[in-house]
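Numbering (my numbering), first residue to last: 65 to 543.
Think of the CB as a built atom: it goes at the ideal place given N, C-alpha and C, for glycine as much as any other residue.
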Ligand code: UD1
Ligand code: MG
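As structure tokens, this is what we get:
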């Protein structure tokens, strides 16, 4: 979804400085992947989907890694601000103000570990302020059966929201019984936010600066607080790996449903990461795993157990079971597998065939060329219609450098040949079975390098007799 920009110039402020201790990991919590994309990538994408003009992510723990990911995934569209010490969500928001770009009128604030949140979920909170320009802020609210752990929404006698009270600061049983909670999406004008964050004090059970105290500040200065009913389940965060696994399953179900509704057959058990694109009438069989920026063209077929990472599969290609490929391109109607391994920079042309136990690496196979069985094709350039026989090896490495093997269009490489690179086989040339090719072969020539065969009539039984006698003599000696 890429929504139209919000009417009021809005910056999203995403809080992601926390350590995430319960993940028990060296990796910062917000970089743990859900369906192949780091957690923090989802709320950032949600901001763009909501039509925010800018995004600021507040970083702290693992700052360098988080910044490196954001720069790679979103470029200069995302700014970061540093919260030096984790003194609470209010302090984090305050740190974020330093990076808010010129011209921002409104700020949307939410947390960085909530992958299920959509652009629409945050957009409605921001747009709520359009209805009531003199309101101080708007925030998502929802009622749940078990409010344990959440900040509770407290209202005055007239039903107006006057405070968010954190679990640890609840005083009475009545307060503890409140089931209306704060899921954690807030919007306010930049002016009001600055003033409200300035007023925060760490007068609470955790001695932290609570972002949620901007609610009571609004009430105390006579500004209205607008509640926006929202679904609690989209705010689910990942605090530990069990929750992370739960989010992974929910996200996977969403991804699969999205592609099914877009006309793709996705069998139960296939795994499809967030960054993958599928064309209509494609089929993804059970236990196929599609990772990274993999793209599958219309009508292509990816059979059981294939694992594709950053692979472009063009229209109508057929990947048989257990095709393993990464950073490669598979052309239109090409046939790959079963059990083929395409390593990075393999470019398989239209209608080309790569079969059982063939490994390619940095190799281009032109239109209609074939390598159907048991071969290693590294650093190769293979011409259109060439045929690579079973057991062919491109000897590309001399222990120091890699060298190129070039095979001309329509050339035929007989089975069990070794091509010692650098080497060129001309167009239409023929390499006889079992040849070790060390000199380039001109176009249309035949290369053959094997010992001439001799047949010795009756020699097999003579040989057997000799060996039998030797065995019996050895056994007699033992006794
Ligand atoms: C917060 C809300 C609570 C709400 C709940 C919803 C506050 C005070 N409370 O509580 O009302 O019901 O979320 O899940 O905001 N962070 C920083 N710097 C800090 C502290 C936190 O960047 O100094 C970030 C964390 O990385 C995290 C987010 O803020 O992504 C939320 O912090 P967390 O400590 O989980 O807040 P909760 O106690 O869950
Ligand atoms: Mg939390």
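For residue i, count the other beta carbons within 10 Å of its own beta carbon; 16 or more makes it buried, fewer makes it exposed. Which is it?
i	result
residue 96	buried
residue 270	exposed
residue 68	exposed
residue 142	buried
residue 423	buried
residue 87	buried
residue 523	exposed
residue 355	buried
residue 117	buried
residue 65	Because residue 65 carries a pLDDT of 49, less than 50, the predicted location of this residue cannot be relied on, and the following value inherits that uncertainty. Exposed, because fewer than 16 other Cβ atoms sit within 10 Å of the Cβ of residue 65.
residue 277	buried
residue 312	buried
residue 165	exposed
residue 293	exposed
residue 464	exposed
residue 246	buried
residue 201	buried
residue 124	buried
residue 512	exposed
residue 85	exposed
residue 531	exposed
residue 410	buried
residue 518	exposed
residue 534	exposed
Our contact map puts residue i next to residue j with C-beta atoms below 8 Å; I'd like the distance itself, whole angstroms only.
i	j	result
residue 476	residue 451	5 Å
residue 349	residue 366	6 Å
residue 398	residue 415	6 Å
residue 207	residue 243	5 Å
residue 351	residue 328	Not quite, the Cβ-Cβ distance comes to about 16 Å (not below 8 Å), so this is no contact.
residue 83	residue 93	7 Å
residue 321	residue 194	Actually they are not in contact, since the Cβ atoms of residue 321 and residue 194 sit about 32 Å apart, beyond 8 Å.
residue 119	residue 76	5 Å
residue 408	residue 392	7 Å
residue 169	residue 253	6 Å
residue 345	residue 273	Not confirmed; about 54 Å, so no contact.
Taking the straight line between their C-alpha atoms, what separation do you get for residue i and residue j?
i	j	result
residue 330	residue 178	26 Å
residue 176	residue 482	55 Å
residue 79	residue 157	7 Å
residue 412	residue 395	6 Å
residue 183	residue 112	7 Å
residue 469	residue 446	8 Å
residue 74	residue 144	16 Å
residue 336	residue 126	28 Å
residue 103	residue 235	34 Å
residue 136	residue 129	11 Å
residue 541	residue 497	45 Å
residue 527	residue 537	16 Å
residue 462	residue 339	38 Å
residue 442	residue 389	14 Å
residue 225	residue 199	12 Å
residue 114	residue 302	22 Å
residue 546	residue 480	It is not possible to answer for residue 546, since the shown part of the chain is limited to 65 through 543.
residue 216	residue 250	15 Å
residue 491	residue 427	17 Å
residue 323	residue 504	49 Å
residue 267	residue 275	12 Å
residue 319	residue 474	43 Å
residue 487	residue 444	10 Å
residue 171	residue 279	15 Å
residue 402	residue 417	11 Å
Among the options, which has the Cα closest to the Cα of residue i?
i	options	result
residue 173	197, 351, 130, 122	122
residue 230	291, 152, 403	152
residue 385	392, 393, 148, 371	371
residue 81	110, 148, 164, 89	148
residue 180	213, 257, 98, 193	98
residue 478	437, 467, 448	437
residue 255	274, 197, 185, 418	197
residue 262	161, 506, 417, 455	161
residue 457	187, 501, 472	501
residue 431	471, 89, 281	471
residue 185	214, 296, 489	296
residue 133	509, 91, 219, 203	91
residue 332	316, 305, 341	316
Measuring only from the beta carbon, is residue i closer than 7 Å to any heavy atom that is part of the ligand COA?
i	result
residue 147	The ligand COA is not part of the structure shown, which contains the ligand UD1 and the ligand MG as its ligands.
>> To test your reading of the DSSP string, which unbroken beta strand (DSSP E) runs of 3 or more residues are found completely within the region 430-480?
In response: Taken in chain order, the whole beta strand (DSSP E) runs of length 3 or more contained in the region 430-480 are 434-442, 444-446, 457-459, 469-471.
> Counting only runs that start and end within the region 376-410, where is the beta strand (DSSP E) found for 3 or more residues in a row?
Replying inline: As far as the region 376-410 is concerned, its whole beta strand (DSSP E) runs of at least 3 residues are 388-390.
> What are the uninterrupted segments assigned as beta strand (DSSP E) that are 3 or more residues long and contained completely in the region 144-192, given in chain order?
Replying inline: Within the region 144-192, the complete beta strand (DSSP E) runs of at least 3 residues are 170-175.
>> So within the region 283-327, which uninterrupted beta strand (DSSP E) runs reach at least 3 residues, ignoring any that extend past its ends?
In response: Whole beta strand (DSSP E) segments, 3+ residues: 289-293.
> Unbroken alpha helix (DSSP H) runs of length 4 or more, entirely within the region 214-295: which are they?
Replying inline: The qualifying runs are 237-240, 254-262, 277-284.
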